[in-house]
């Protein structure tokens with residue numbers, strides 16, 4: 011059985027998929043080389059915002075969708091720092107998260 015076409019799987023054309031792969035590679039390389047200063051903060055903000063929106067939409071369709079894989083090497087600190095930034099940016103309160111979590115289990 012052949013593997014599904016990754017471009018079709020994410021609903022973008024091959025050029026768009028190449029852009030996503032190239033962007034991912036650039037970020038990973040910057041992290042590995044400890045050269046984040048080479049990446050504009052505004053670019054990271056825009057990428058995170060688009061990724062959050064895409065993940066949220068996809069996770070509503072696929073509730074078991076993981077946020078990342080073990081081999082992505084995301085640490086607990088990475089998650090907490092990012093989640094805290096997202097909470098502040100969305101002007102959420104922690105009790106609101108508890109309420110949303112309760113609603114999703116109803």
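Residue numbers (my numbering): 11 to 116. Glycine residues also receive a C-beta, built at the ideal position from the N, C-alpha and C atoms.
Apart from the five residues just before and just after residue i, which ones in its own chain have a Cβ nearer than 6 Å to its Cβ?
i          : result
residue 53 : none
residue 62 : none
With a threshold of 16 other CB atoms inside 10 Å of the CB of residue i, please say whether the residue is buried or exposed.
i          : result
residue 11 : The predicted position of residue 11 is uncertain, since its pLDDT is 39 and thus under 50; no value can be drawn from it.
Report the option in the options whose CA atom is closest to the CA atom of residue i.
i          : options       : result
residue 48 : 59, 56 and 36 : 36
By Cβ distance, which residues of its chain are closer than 8 Å to residue i, with the 5 residues on each side in sequence left out?
i           : result
residue 50  : none
residue 107 : 97
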